[in-house]
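J.: Its first residue numbered 20, the sequence shown is counted upward by one per residue in the working numbering.
Would you mind keeping the following structure in view while I ask a few things?
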Amino acid sequence: MTPTAAHPERILVTAALPYANGPIHLGHLAGAYLPSDIYVRYQRLKKREIVFVCGSDEHGVPITLTADKEGVTPQVVVDRYNAMNKAAFER
20 MTPTAAHPER ILVTAALPYA NGPIHLGHLA GAYLPSDIYV RYQRLKKREI
70 VFVCGSDEHG VPITLTADKE GVTPQVVVDR YNAMNKAAFE R
């Protein structure tokens, strides 16, 4: 459907989802979050309807390796780093 005044274009953006196996670092910010954040801010300046969704990848070898190294389950690793990373973004 072509966007009109009655039905404006809607844009959905998501950042790359880093593994939840460690704290957020500069590489995450520069590689995953900053480019999408700039794009979203630009679209909002243009008064476009946009939703920006972020998260973390909770499955994969990096999480399993961290869990094995620490002697805990992968879920413990994910829960810990999701909470830590969320707090970092809320500051």
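Even for Gly, the Cβ is constructed at its ideal location relative to N, Cα and C.
1. Quick check on Thr21: does DSSP put it in helix, strand or coil?
2. Quick check on Leu36: does DSSP put it in helix, strand or coil?
3. Check for me: the beta strand (DSSP E) holding Glu68 runs from which residue to which?
4. Across which residues does DSSP place Ile30 in a beta bridge pair?
5. Who does Asp15 pair with in a DSSP beta bridge?
6. Shortest alpha-carbon distance to Phe71 belongs to which of Val95, Ala51, Leu45?
7. Quick one: measure Cβ to Cβ for Ile82 and Val96, integer angstroms, because I've assumed they're closer than 8 Å.
8. Can you tell me the Cβ-Cβ gap for Tyr100 and Gly41, rounded? I've got them flagged as a contact below 8 Å.
T.: Taking the geometry as given:
1. coil
2. coil
3. 68–72
4. Ile69
5. The question about residue 15 has no answer here: the residues shown for the chain are numbered 20 through 110.
6. Ala51
7. 6 Å
8. 6 Å
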